[in-house]
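In our numbering, the protein residues as written are 245 to 359.
Scroll down for the structure; my scribbles are underneath it.
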Amino acid sequence: VDEVNLLDDHLVDILLDSAAGGWNTVEREGISIVHPARFILIGSGNPEEGELRPQLLDRFGMHVRIKTIKDPISRVNIVERRSNFDKNADDFLKDYEYLQDFLKNRIVNARDSLK
């Protein structure tokens, strides 16, 4: 769901009810249909445009907050890295392999600590 934080409350309620009960009811022009609703909710939203309701946030297995980089030097650095990747992806990947391994190990260790 794109811009999930901007959904009308009645749509959020429908999503929550469907996720909790496993069924969705569609009613229109006097016709009612009930069908199974087994889904994984994936959403995006800009918190600067409105916060996500806590009831809906609880339904997400993971929440990632992404902040806009505003520092001009950092922004130039990002563009340069992307340009280097586009020029020679193999060399770029070799240059950052150590960092990828470090991050991969952190993720594996974090996952193991949750078991």
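Glycine included, each C-beta is placed from N, C-alpha and C at the ideal position.
CB of N389 within 9 Å of CB of L296, strictly: Beyond the ends of the chain as shown, which are 245 and 359, falls residue 389; an answer cannot be given.
Proximity below 9 Å, CB of A281 to CB of G265: Here residue 281 refers to the residue found at position 37 of the sequence shown. Here residue 265 refers to the residue found at position 21 of the sequence shown. Their beta carbons are under 9 Å apart, which means A281 touches G265 by this criterion.
Straight-line Cα distance separating D261 from R277: Residue numbering aside, residue 277 sits at position 33 when the sequence shown is read from its first letter. Residue numbering aside, residue 261 sits at position 17 when the sequence shown is read from its first letter. According to the sequence shown, residue 277 is Ile rather than Arg. Rounded to the nearest whole angstrom, the C-alpha separation of I277 and D261 is 15 Å.
In DSSP terms, what T269 is bridged to: Along the sequence shown, one-based indexing puts residue 269 at 25. T269 is bridged by DSSP to V278.
Distance between D345 and L337 (C-alpha atoms, nearest Å): Locating residue 337 in the sequence shown gives position 93, counting from the first residue. Locating residue 345 in the sequence shown gives position 101, counting from the first residue. Their backbone Cα atoms lie some 11 Å apart in a straight line.
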